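Note that the protein sequences, when read in sequence, are chains A and B.
Quick note on the working numbering: the first sequence kicks off at 1 and runs consecutively.
Quick note on the working numbering: the second sequence kicks off at 1001 and runs consecutively.
For glycine and all other residues, C-beta sits at the position ideal for the given N, C-alpha and C.
These numbers were taken from a predicted model, which means no experiment stands behind them.
Below is one structure, written out as structure tokens, with a few remarks after it.
2 protein chains.
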Amino acid sequence: MQRTLSDISYSTDEIALAAIAKALSHPVRIKILRLLAGETCCFTGELTSLIPMAQSTISQHLKALLEAGLIQGEINPPKVKYCIHRENWAKAQALFGDFFTSEKSGGCNC
Amino acid sequence: MQRTLSDISYSTDEIALAAIAKALSHPVRIKILRLLAGETCCFTGELTSLIPMAQSTISQHLKALLEAGLIQGEINPPKVKYCIHRENWAKAQALFGDFFTSEKSGGCNC
DNA sequence: GCTATTCATCGTACATTTACGATGAACGAA
DNA sequence: TTCGTTCATCGTAAATGTACGATGAATAGC
Chain A
1 MQRTLSDISY
11 STDEIALAAI
21 AKALSHPVRI
31 KILRLLAGET
41 CCFTGELTSL
51 IPMAQSTISQ
61 HLKALLEAGL
71 IQGEINPPKV
81 KYCIHRENWA
91 KAQALFGDFF
101 TSEKSGGCNC
Chain B
1001 MQRTLSDISY
1011 STDEIALAAI
1021 AKALSHPVRI
1031 KILRLLAGET
1041 CCFTGELTSL
1051 IPMAQSTISQ
1061 HLKALLEAGL
1071 IQGEINPPKV
1081 KYCIHRENWA
1091 KAQALFGDFF
1101 TSEKSGGCNC
């Protein structure tokens, strides 16, 4: 599959953007992030009651968001508190902001 | 796989964000968009010389970007000119902007 | 008409994603 | 110690994603 991927050189930003975009590429994860971002904090337990999905599935999505660095978890037995990872959130915001403003409104005649 | 996806209600924004994020979730597509956004315009032919991938693969990625609405193609035989879809680009920019600024810097003690 | 060029699409192989239920680990409370 | 609660991980099945080469469609030029 990635036979040629190693032959192509990507910038750090390109890889970082794609990784964050992949984390955001599922509506459930958008919803989870909105819940975490909108409220001051959340527990996974609340998420399982708010989202009609198997607990294991939600846990998988949380893991994906964790590995993307968008959220952080604080173990607070027997619960785990998940929050937005503010530092990386700001970085992601800057990456997307730069990306979308990089478009030249130049002389294209399309 | 999506046995329960229909049971969950997503807002229009959540679905739109996820769809755009999915289009951005591969470094090659980020690179293509950067090339199209940075220059005034591009032809697919230039892309195949700039990116060491099979022509069919690049065409597939362009199709994905087209279906996400991020680019538009103008048939100019025997070439096809691809440009950023400025209107949808602005919409995407607004969606991501709102999304990333929706985070409350409230009273979380993480 | 015939050929060359450009790009899309088809068919295919393999990897990844996504969902589920079942099980495991960690801890508090009885 | 023994339950009960909470969350992570495992195993698995089906769908999707990603790459390739081969083929097809459309057009310009001879």
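Residue-level contact to chain B via CB, residue i, 8 Å cutoff
| i | result |
| --- | --- |
| Gly45(A) | no |
| Ala64(A) | no |
| Met1(A) | Summary for Met1(A): the model assigns pLDDT 48, below 50, so the residue's position carries little reliability, and this model does not support an answer. |
Chain A contact for residue i (CB, 8 Å cutoff)
| i | result |
| --- | --- |
| Tyr1010(B) | yes |
| Ser1112(B) | It is not possible to answer for residue 1112(B), since the shown part of chain B is limited to 1001 through 1110. |
| Glu1067(B) | no |
| Gln1093(B) | yes |
| Ile1075(B) | no |
Backbone CA spacing between residue i and residue j [nearest angstrom]
| i | j | result |
| --- | --- | --- |
| Leu95(A) | Thr101(A) | 10 Å |
| Ile1084(B) | Tyr1010(B) | 27 Å |
| Gln1072(B) | Ala16(A) | 25 Å |
| Thr12(A) | Asp98(A) | 14 Å |
| Pro78(A) | Lys63(A) | 18 Å |
| Ile8(A) | Phe43(A) | 41 Å |
| His1026(B) | Leu50(A) | 30 Å |
| Glu1039(B) | Thr48(A) | 46 Å |
| Leu1035(B) | Val80(A) | 43 Å |
| Ala1037(B) | Tyr82(A) | 36 Å |
| Glu1074(B) | Glu74(A) | 51 Å |
| Ala1018(B) | Gln1093(B) | 13 Å |
| His61(A) | Trp89(A) | 17 Å |
| Glu14(A) | Lys1091(B) | 21 Å |
Chain-ordered chain B contacts of residue i [CB-CB under 8 Å]
| i | result |
| --- | --- |
| His61(A) | Chain B residues near His61(A): none, gap ~12 Å exceeds 8 Å. |
Nearest to residue i (by Cα), restricted to the options the options
| i | options | result |
| --- | --- | --- |
| Glu1087(B) | Leu62(A), Ile8(A), Glu103(A), Phe43(A) | Glu103(A) |
| Asn76(A) | Leu36(A), Gly45(A), Gln93(A) | Gly45(A) |
Chain B residues whose Cβ lies nearer than 7 Å to that of residue i
| i | result |
| --- | --- |
| Ile32(A) | Simply none; closest approach about 10 Å. |
| Ile84(A) | Glu1103 |
Partner residues on chain A for residue i, Cβ-Cβ distance less than 7 Å
| i | result |
| --- | --- |
| Leu1017(B) | Leu24, Ile30 |
Listed by chain order, chain A residues near residue i by CB distance under 8 Å
| i | result |
| --- | --- |
| Glu1014(B) | Pro27, Ile30, Lys31, Arg34 |
Tell me whether the segment 27-36 of chain A and the segment 1030-1046 of chain B touch, counting them as touching only if at least three CB pairs, one residue from each stretch, are closer than 8 Å.
no
Quick one: any contact between the segment 52-61 of chain A and the segment 1035-1055 of chain B, if contact means 3 or more CB pairs under 8 Å?
no
Can you find at least 3 beta carbon pairs, one from the segment 1067-1075 of chain B and one from the segment 1012-1028 of chain B, that sit closer than 8 Å?
yes
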